[in-house]
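Worksheet: the structure to be examined is printed underneath.
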Amino acid sequence: MSLFVIGDLHLALGDKSKSMDIFDGWANYTELLGQSWNSLVSAEDTIVLAGDISWSISLEKGYEDFKWIHNLPGQKIILKGNHDYWWNSRKKMEETFEKWGFDSLNILHNNHFQYENYGICGTRGWVNMPGESADAKVLAREAGRLTASIESALTAGLQPLVFLHYPPLYGSSYNYDILDVLYKYGIKNCWYGHLHGPSIRYAVNGERDGVDFRLVSGDFLQFRPEKIL
19 MSLFVIGDLH
29 LALGDKSKSM
39 DIFDGWANYT
49 ELLGQSWNSL
59 VSAEDTIVLA
69 GDISWSISLE
79 KGYEDFKWIH
89 NLPGQKIILK
99 GNHDYWWNSR
109 KKMEETFEKW
119 GFDSLNILHN
129 NHFQYENYGI
139 CGTRGWVNMP
149 GESADAKVLA
159 REAGRLTASI
169 ESALTAGLQP
179 LVFLHYPPLY
189 GSSYNYDILD
199 VLYKYGIKNC
209 WYGHLHGPSI
219 RYAVNGERDG
229 VDFRLVSGDF
239 LQFRPEKIL
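Residue numbers for the sequence shown follow my numbering, beginning at 19 and rising by one.
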């Protein structure tokens, strides 16, 4: 068994008008992703999908995207991205996937999933906008969700691995609401997505203050899931 990760699939199988094919570096991205996934990931593996899964505006309208993901090999651990407008309560999403028979899709939200001796933890995260009260509330909520996820893994005796959608640091910008959670629990590894195109140049890939950060957005990985364990 192996553990993989990739973020920002931006699938639009149910609404081709939202396809990312029109952007530089995204030509035939769904086909490229499918080919790479099938060549790398087996049915016994687990793959974390770090947000921005589908362009669908509702869970039901995302059926074709979720069906496509379900039919690929491996167990999928899904966390929320900023464009996942279909996101609902965990109960609603789990019930819908069960109704559709998509038993390979798992929702990461205030919880963790075990992979060997590790706990797969994470949340969406947010951007740091000092002085914005609304953003401060969202950041506090996201930091709380990350804390709950990590503590659930620790309670189970597992070593937490953290996955986010938003980068907790970007160039010279630091999101301490999220970073302080990583530091508090001694997190050693953090994978994140969200960054595309020119913004990738400011991504942090490597160790900062004892944490190894890695960008895993789909276009950055050239639509090849990254094996991490």
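Heads up, the beta-carbon is just placed ideally off N, CA and C, and yes, glycines get one too. All values derive from a computational prediction rather than experimental measurement.
The C-beta separation of F238 from V66 comes to about 15 Å, leaving the pair out of contact by the 8 Å criterion.
Taking a contact as a CB-CB distance under 8 Å, the pair L179 and I138 counts as one, their CB atoms being some 6 Å apart. If the five residues before and after L90 are omitted, its C-beta is found closer than 6 Å to the C-beta atoms of W55, all from its own chain and listed in chain order.
The C-alpha of G119 lies about 12 Å from the C-alpha of I87. Bridge pairing for F22: I65, K245 [DSSP].
For A61, the closest C-alpha among the options L233, S74, K94 is that of K94. Taken through DSSP and simplified to helix, strand or coil, N124 comes out as strand. For the 7 Å CB-CB criterion, H212 and Y184 form a contact.
In this structure, D33 keeps its C-beta atom at 7 Å or more from the C-beta atom of D70. Counted as a single uninterrupted DSSP element, the beta strand (DSSP E) harbouring E225 occupies residues 224–226. DSSP places N207 inside the beta strand (DSSP E), whose first and last residues are 207–210.
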